[in-house]
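First the structure, in the form of structure tokens, and then the observations on it.
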Amino acid sequence: MGAPRASPLHAARAGATIAYGLSLVAVALAGTHPLVLGTLAVAIALAALRCGVGREVARAARLALVLAALIALVNALVVREGLTVVLRLGGAGPLGEVDVTAEALVSGLLLGGRVVVVVLAFALLAAVVDADALLRLARRASFRSALTAVLALRIVPVLARDARRMDEACRCRSDAAATGTARGRLAVVRALAAGALDRAVDVAATLELRGYAARRPAPRERGEPWSRHDLSVAGAAAGLAALALWVALGDAAAMRSYPRLEIAGGAAPAVLCAAIALVALAPLAARRGIAR
Amino acid sequence: MSALRLERFSYTYPGAETPALRDVSLVVEPGEFVVLAGLSASGKSTLIRAGCGLVPHFHGGTASGRVTCVGLDTREHGPGDLARACGTLLQDPETQVVMGTVRAEIAFPLENAGLRAAAVARGVEEAALALGVADLLDRSTRELSGGELQRVALAAALAARPALVLLDEPTSQLDPVAGDELIWLLRRLNEEWGTAVVLAEHRLERCLAHADRAIVLEDGALVCDGPPRAMLEWAADRAPALQTPAARLFAHAGLRPAPAGVKEARATLRAHGLLDGAAGPDGAGSAGDPEAGDAGAPRATGAWRRLTGRGDRIPTALRARGLWHELTAGRAILRGVDLRLRPGERVALMGRNGAGKSTLLRHLAGLQEPTRGRVESAGRVALLLQHPGDYLLHERVADEASSAALAAVGLTGLDERHPRDLSGGQRQRLALAVVLGDGDERPAALLLDEPTRGMDRAAKGDLARRLRAIGAQGTAVLVATHDAEFAAALAERVVLLADGRPIADAPAREVLAGGWHFATETARILGGRPAARPALVAEEGGDLLRARMTVEATP
Numbered sequence: 000m001g002a003p004r005a006s007p008l009h010a011a012r013a014g015a016t017i018a019y020g021l022s023l024v025a026v027a028l029a030g031t032h033p034l035v036l037g038t039l040a041v042a043i044a045l046a047a048l049r050c051g052v053g054r055e056v057a058r059a060a061r062l063a064l065v066l067a068a069l070i071a072l073v074n075a076l077v078v079r080e081g082l083t084v085v086l087r088l089g090g091a092g093p094l095g096e097v098d099v100t101a102e103a104l105v106s107g108l109l110l111g112g113r114v115v116v117v118v119l120a121f122a123l124l125a126a127v128v129d130a131d132a133l134l135r136l137a138r139r140a141s142f143r144s145a146l147t148a149v150l151a152l153r154i155v156p157v158l159a160r161d162a163r164r165m166d167e168a169c170r171c172r173s174d175a176a177a178t179g180t181a182r183g184r185l186a187v188v189r190a191l192a193a194g195a196l197d198r199a200v201d202v203a204a205t206l207e208l209r210g211y212a213a214r215r216p217a218p219r220e221r222g223e224p225w226s227r228h229d230l231s232v233a234g235a236a237a238g239l240a241a242l243a244l245w246v247a248l249g250d251a252a253a254m255r256s257y258p259r260l261e262i263a264g265g266a267a268p269a270v271l272c273a274a275i276a277l278v279a280l281a282p283l284a285a286r287r288g289i290a291r
Numbered sequence: 000m001s002a003l004r005l006e007r008f009s010y011t012y013p014g015a016e017t018p019a020l021r022d023v024s025l026v027v028e029p030g031e032f033v034v035l036a037g038l039s040a041s042g043k044s045t046l047i048r049a050g051c052g053l054v055p056h057f058h059g060g061t062a063s064g065r066v067t068c069v070g071l072d073t074r075e076h077g078p079g080d081l082a083r084a085c086g087t088l089l090q091d092p093e094t095q096v097v098m099g100t101v102r103a104e105i106a107f108p109l110e111n112a113g114l115r116a117a118a119v120a121r122g123v124e125e126a127a128l129a130l131g132v133a134d135l136l137d138r139s140t141r142e143l144s145g146g147e148l149q150r151v152a153l154a155a156a157l158a159a160r161p162a163l164v165l166l167d168e169p170t171s172q173l174d175p176v177a178g179d180e181l182i183w184l185l186r187r188l189n190e191e192w193g194t195a196v197v198l199a200e201h202r203l204e205r206c207l208a209h210a211d212r213a214i215v216l217e218d219g220a221l222v223c224d225g226p227p228r229a230m231l232e233w234a235a236d237r238a239p240a241l242q243t244p245a246a247r248l249f250a251h252a253g254l255r256p257a258p259a260g261v262k263e264a265r266a267t268l269r270a271h272g273l274l275d276g277a278a279g280p281d282g283a284g285s286a287g288d289p290e291a292g293d294a295g296a297p298r299a300t301g302a303w304r305r306l307t308g309r310g311d312r313i314p315t316a317l318r319a320r321g322l323w324h325e326l327t328a329g330r331a332i333l334r335g336v337d338l339r340l341r342p343g344e345r346v347a348l349m350g351r352n353g354a355g356k357s358t359l360l361r362h363l364a365g366l367q368e369p370t371r372g373r374v375e376s377a378g379r380v381a382l383l384l385q386h387p388g389d390y391l392l393h394e395r396v397a398d399e400a401s402s403a404a405l406a407a408v409g410l411t412g413l414d415e416r417h418p419r420d421l422s423g424g425q426r427q428r429l430a431l432a433v434v435l436g437d438g439d440e441r442p443a444a445l446l447l448d449e450p451t452r453g454m455d456r457a458a459k460g461d462l463a464r465r466l467r468a469i470g471a472q473g474t475a476v477l478v479a480t481h482d483a484e485f486a487a488a489l490a491e492r493v494v495l496l497a498d499g500r501p502i503a504d505a506p507a508r509e510v511l512a513g514g515w516h517f518a519t520e521t522a523r524i525l526g527g528r529p530a531a532r533p534a535l536v537a538e539e540g541g542d543l544l545r546a547r548m549t550v551e552a553t554p
């Protein structure tokens with residue numbers, strides 16, 4: 000959950016920010032042109048830095064890169080299409096003859112790149128969207144499910160703190176060595192789970208005391224007025240959605256992996272990428288507003 | 000219509016053999032400030048939970064009699080319905096807050112009540128301003144301190160402007176400053192909004208002066224109900240553990256009536272000519288007296304002593320030499336701390352939150368590596384951290400520690416009990432047995448971090464006795480505490496820490512008699528008149544007052 004109102008994405012209403020993130024994902028899913036994927040990754044990274052959540056997104060990127068490498072490797076070993084053989088591995092048991100083709104290798108890398116972009120977009124969303132605002136947004140559809148999700152998010156750092164404390168306590172025991180054994184570790188896990196249940200019961204009692212069980216539906220009323228950040232982020236989301244359609248239906252980012260690699264070139268992909276970068280970063284360049 | 004009414008109410012928790020509340024009848028009128036007193040497991044928390052409907056709706060169990068909260072019968076209305084009439088605050092700030100930001104937390108009960116957005120926004124603003132949390136509104140609840148969390152939880156409980164607020168030891172997890180602030184806040188709410196307050200609390204000296212009435216529970220039954228002074232008079236005969244230090248001081252001096260607070264005690268003593276608003280409490284300088292110069296300040300080790308090594312001939316159980324704890328970002332938590340504990344010495348480590356007490360204990364126990372300096376010890380260093388429950392991993396008491404260790408802390412006969420079923424004091428003792436281990440490998444030093452949080456006075460007294468016994472066997476005892484009364488009862492020496500370094504290191508009598516915040520209640524009451532030997536605890540204060548009375552009476 001992000002720090003409140005630290006950037007235009009934080010300040011915009013949750014609906015607009017979620018639409019913005021999902022539009023980025025839509026562009027990535029619409030095509031696998033390397034220029035488009037690269038542009039998206041750079042745009043998301045710049046957005047994360049501008050919003051002060053670079054560290055959170057970088058953490059997700061590390062995991063995504065490992066996943067991408069795995070996808071590329073598996074794709075290269077498993078896919079039998081492509082005409083340009085770059086490596087002959089010979090017989091590999093149940094896999095039969097394994098020939099690694101340049102097309103399968105590039106296709107795997109681009110699939111991995113797509114996964115990286117999707118993970119980065121969701122990491123950005125998780126870092127900038129206020130979970131409480133999300134809960135408010137989902138209130139009418141499924142309040143209880145949304146609240147459960149929010150509470151799960153809230154209890155995670157509490158349990159992490161409990162685990163750290165218990166780890167320290169274990170190191171302070173006179174029989175500290177015993178807790179290092181498999182049986183000892185099991186006892187720690189069991190105690191932590193019991194503690195988590197206690198915590199959950201306490202939180203449930205608090206929910207009761209705040210009137211959650213006897214919840215009354217709020218009357219329908221006009222929503223809040225749209226701020227300039229709401230408008231610019233929602234506008235960017237709409238623009239990205241339009242670009243995603245262009246990628247999916249047009250030829251600007253056309254790409255074919257098999258039997259031979261064919262990637263659209265010329266000015267069209269460059270124009271498309273410039274448009275994606277411009278639209279994605281435009282709301283973050285907002286400099287209007289009153290200094291004090 | 001009364002704010003809270005219990006009529007012959009009895010309640011037994013599911014699976015329990017004895018009732019937690021027995022035939023309790025009481026009425027709290029609108030606008031009253033009531034303190035609920037009693038030892039641990041006397042039924043205070045159950046009564047609070049019965050008032051807000053958690054008992055029996057949330058906990059189950061068997062109930063008889065009737066509880067009415069602002070006219071709503073809890074047999075027909077659950078906690079959700081009662082939430083609009085009655086705000087409730089429980090002990091643990093961590094689990095009292097369910098949302099991500101302070102604004103969302105305060106808005107949550109109002110949204111649950113189905114209010115319009117404008118009404119919710121107004122309720123949030125009003126509650127935040129009244130509770131002094133307006134500057135926290137856009138902060139994440141994860142970033143808040145315990146005191147801030149508890150204030151935010153109180154704001155959420157009061158956002159719907161209930162006629163009654165029920166509080167179950169809300170200060171037990173807070174440091175004294177945050178605890179005092181919370182009590183003052185309750186008094187302001189009571190006076191300005193007319194909110195009836197029912198406050199269950201162990202530290203009566205903190206809240207009795209603000210109360211209109213005090214109720215005492217014993218084994219689930221109501222045994223005393225009256226004004227604070229009357230309750231203290233009753234406690235003098237029937238429940239000495241519930242007496243405040245001021246009341247015990249007066250009882251030992253043979254003075255009546257028992258005062259409800261420091262101000263009242265000083266007024267009575269002044270009226271008797273036993274107190275005159277003169278200078279410091281004693282002739283000798285004290286750490287808290289700004290005029291006292293460097294008395295009590297830690298003495299620098301002389302160069303000659305370092306060269307000759309004469310200082311090192313002193314037997315040492317545990318020693319920190321020039322200990323630094325510097326964060327990567329640059330801030331230093333400990334700044335060159337030198338501290339030596341002799342075998343069997345009992346030392347209290349005091350200081351405000353963030354002064355570095357817990358960090359110092361972690362370094363001394365080897366849980367952390369200092370950036371500079373070193374720790375030397377004559378043997379194993381045992382550390383009991385703030386939450387004793389963290390030490391308890393097994394399902395039987397007997398599996399946690401040896402029978403010798405259990406016997407040493409007075410837990411014989413509880414072998415088959417589940418550690419989570421023990422009382423707070425028993426759990427503390429079990430954790431103590433876990434860190435102390437068997438008798439044949441007794442630690443050179445025992446360190447305890449805030450061991451008296453949430454304890455009643457009887458349990459504190461018991462802990463002090465056990466720690467004195469451990470000290471008598473040669474183990475040095477170092478206790479980080481905010482509790483000046485406990486420090487006075489236990490420690491021979493007090494080290495005052497501020498901004499990561501000791502600013503006073505002197506005998507307890509010197510440090511705890513002269514301070515303002517770091518002083519016992521007895522010292523604060525008697526602090527107006529010089530004495531050769533300042534009194535720290537009620538018994539000493541009583542003797543001092545009797546001596547003064549004898550002098551006054553002599554022609």
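Chains as they are written, first to last, in numbering that gives the first Met the number 0: chain V, 0 to 291; chain Y, 0 to 554.
Idealized CB from N, CA, C, for every residue including glycine.
Remember, it's a predicted structure, so these values are computed and weren't measured experimentally.
In terms of Cα proximity to A44 of chain V, the closest of V:A126, V:V85 and V:A67 is V:A126. Within 10 angstroms of the beta-carbon of I313 of chain Y lie fewer than 16 other beta-carbons, which makes it exposed. Between V157 of chain V and chain Y, the shortest Cβ-Cβ separation is below 7 Å.
At least one CB of chain Y lies nearer than 7 Å to the CB of R172 of chain V. When 7 Å is used as the limit between beta carbons, T94 of chain Y is near these residues of chain V: R198, D201, V202 and T205, in chain order.
Judged by DSSP secondary structure, M349 of chain Y falls within the beta strand (DSSP E) whose first and last residues are R345 to M349. Against chain Y, the CB of P218 of chain V has a partner CB under 7 Å away; the residue lies at that interface. The beta carbon of D22 of chain Y sits closer than 7 Å to the beta carbons of R7, S9 and A220 from its chain, once the five residues preceding and following it are set aside; these are given in chain order. Its Cα nearest to that of A25 of chain V, the residue V:V246 stands out among V:V246, V:C272, V:R163 and V:R164. In the DSSP assignment, R102 of chain Y falls outside any beta strand (DSSP E) and within the unbroken alpha helix (DSSP H) covering V101 to N111. Inclusion of V118 of chain V and A59 of chain V in the CB contact set at 7 Å is warranted, their separation being smaller than that value.
Under the Cβ criterion of 7 Å, G113 of chain Y is counted among the residues facing chain V. Looking at the DSSP output, T67 of chain Y bridges to Y:R4 and Y:D72. Judged by DSSP secondary structure, H324 of chain Y falls outside any alpha helix (DSSP H) and instead within the beta strand (DSSP E) spanning L317 to E325. Cβ neighbours of G499 of chain Y within its own chain (closer than 6 Å, five residues either side excluded): A331, I332, L333, R334 and G355. With a cutoff of 7 Å on beta-carbon distance, A347 of chain Y and V336 of chain Y are scored as not near each other. A190 of chain V belongs to the set of residues whose beta carbon lies under 7 Å from a beta carbon in chain Y.
In the three-state reduction of the DSSP assignment, C206 of chain Y falls in the helix class, which pools H, G and I. Here S422 of chain Y is actually not in contact with A103 of chain Y; their C-beta atoms are around 36 Å apart, not less than 8 Å. A137 of chain V: not part of any beta strand (DSSP E); DSSP gives it neither H nor E. Closest by C-alpha distance to H324 of chain Y, out of Y:V197, Y:R373, Y:R345 and Y:M349, is Y:R373. Following the DSSP letters along the chain, one finds D229 of chain V inside the alpha helix (DSSP H) bounded by residues R227 to L248. According to DSSP, V510 of chain Y shares a beta bridge with no other residue. Among the CB atoms of chain Y, none fall inside 7 Å of the CB of M254 of chain V. Closer than 7 Å at the C-beta level to chain V, one finds these residues of the segment 39–69 of chain Y: C51, L53 and F57. Nearest CB-CB separation between Y19 of chain V and chain Y: not below the 7 Å threshold. Remark: C-beta atoms of A47 of chain V and L123 of chain V approach each other more closely than 7 Å.
Against chain V, the beta carbon of V434 of chain Y has neighbours under 8 Å at C171, R172 and S173, listed in chain order. Nearest Cα to P29 of chain Y within the set Y:L165, Y:E375 and Y:V536: Y:L165. Listed along the chain, the chain Y residues whose CB falls inside 7 Å of the CB of E167 of chain V are L366 and L384.
Chain V places no beta carbon closer than 7 Å to that of Y10 of chain Y, leaving this residue out of the contacts.
Straight through space, the alpha carbons of A235 of chain V and R227 of chain V are spaced by roughly 12 Å. The segment 479–495 of chain Y makes contact with the segment 443–450 of chain Y; the number of CB pairs closer than 8 Å reaches 3 or more.
Contact note: L150 of chain V reaches chain Y through V97, using a C-beta cutoff of 8 Å and chain order. Its chain contains I154 as the residues whose beta carbon lies nearer than 8 Å to that of A199 of chain V, once the 5 sequence neighbours on both sides are disregarded; these appear in chain order. With its beta carbon less than 7 Å from one in chain V, T87 of chain Y belongs to the interface.
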